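Visitor: Once you've had a glance at the structure underneath, I'll fire off some questions.
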Amino acid sequence: MKIAIYPGSFDPVTFGHMDIINRAYKMFDKLIVGVLNNSSKKPLFSSEERVKIIEKLYKDTKQIEVMSFDGLLIDFAHQVGAQVIVRGLRAVTDFDYELQLSQTNRVIAPDIDTIFLTTNLRYSYLSSSIVKEIASYGGDISEFVDKDVAIEIKNKIITKRS
Ligand code: ADP
């Protein structure tokens, strides 16, 4: 069975991430969306909340599984039996870091390959941080995230303020 992981922070998941997920899952028997539980970053949503949000979006797609992980991505890949890591490339600014990461991972785990999907041009500017920034000023984020995700973001911002 061909299993791939699409790892990231997904804080929160955007249409850019969803574009990569929608294209990637069709290439494999299973796509695991790996939500990084990164304690050094201060996320808006906990990793459990991020997993739930993405699970809800893909509840009808059997090939997609959502899991949180911490530690080394390569260890997680081995644990779940994945042979491929999927990453999205927005612009050349992503490239340096992604190249370094994938080459390092390949030294540690030569059995795992990284593939890159280039972003849909419509979303090449889009990042989770921009969405959070706009939402924090009460701006309209409906062009950037699913409507259910937009509701979660607004509620979270209100709860954090009160
Ligand atoms: P990370 O903290 O690992 O960068 P992100 O959640 O920001 O996590 O991104 C996860 C993956 O999704 C990365 O490969 C990133 O390049 C990709 N990505 C982020 N935003 C977009 C977008 N707008 N279009 C396509 N890919 C994206």
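For the sequence shown, the positions run 22 to 183 when my numbering is used. Backbone N, C-alpha and C define an ideal beta-carbon position, used for all residues, glycine too. Being a predicted model, the structure only gives us computed values, none of them experimental.
In terms of alpha-carbon separation, which member of K63, K62 and Y46 lies closest to D81?
Guide: Cα-wise, what sits closest to D81 is Y46.
Visitor: Using a Cβ distance threshold of 8 Å, determine whether the stretch 49–56 contacts the stretch 158–177, with at least three qualifying pairs required.
Guide: Result no; under three Cβ-Cβ pairs closer than 8 Å.
Visitor: Does the distance from the CB of V87 to the CB of V128 come in under 9 Å?
Guide: In this structure, V128 does not lie closer than 9 Å to V87 by Cβ.
Visitor: Which term fits V113, buried or exposed, when burial requires 16 or more other beta carbons within 10 angstroms of its beta carbon?
Guide: Under this definition V113 is an exposed residue.
Visitor: In or out: Y79 buried (at least 16 other Cβ within 10 Å) or exposed?
Guide: When all chains shown are included, Y79 counts as buried.
Visitor: Compute the distance between the beta-carbons of D96 and N59, then report whether it is under 9 Å.
Guide: Cβ atoms of D96 and N59: not closer than 9 Å.
Visitor: Does ligand 1 have a heavy atom nearer than 8 Å to the CB of D115?
Guide: True, at least one ligand heavy atom lies under 8 Å from that Cβ.
Visitor: Taking the Cβ atom as the reference point for each residue, do E173 and E70 lie within a distance shorter than 9 Å?
Guide: Against a cut-off of 9 Å, the Cβ pair of E70 and E173 comes out as a contact.
Visitor: Measuring alpha carbon to alpha carbon, tell me which of A130, I85, I42 and N126 ends up nearest G109.
Guide: Here the closest residue by C-alpha is I42.
Visitor: At a threshold of 8 Å, does H99 count as lining ligand 1 (C-beta to nearest heavy atom)?
Guide: Answer for H99: no, Cβ out of range of ligand 1.
Visitor: Out of S150, Q124 and A98, which one is the CA nearest neighbour of F66?
Guide: Out of S150, Q124 and A98, S150 has the C-alpha closest to the C-alpha of F66.
Visitor: Could you spell out the range, first to last residue, of the beta strand (DSSP E) harbouring I26?
Guide: From DSSP, the beta strand (DSSP E) with I26 extends over I24 to G29.
Visitor: What residue does the beta strand (DSSP E) around S123 start on, and which one ends it?
Guide: Looking at the DSSP string, S123 is not in any beta strand (DSSP E); the run it does join, the alpha helix (DSSP H), is V113 to I129.
Visitor: Note down, in chain order, each residue of its chain lying with its Cβ closer than 6 Å to the Cβ of K23, except the 5 sequence neighbours on either side.
Guide: So the list reads F49 and D50, once near-sequence residues are dropped.
Visitor: In this structure, does DSSP put V152 in helix, strand or coil?
Guide: Of the three classes helix, strand and coil, the one that applies to V152 here is helix, per DSSP.
Visitor: Can you give the Cα-Cα distance for V72 and S89, rounded to whole angstroms?
Guide: Approximately 7 Å between the Cα atoms of the pair.
Visitor: So is Y146 buried or exposed if we call it buried at 16+ other beta carbons inside 10 Å?
Guide: Answer is exposed; the Cβ neighbour count stays below 16.
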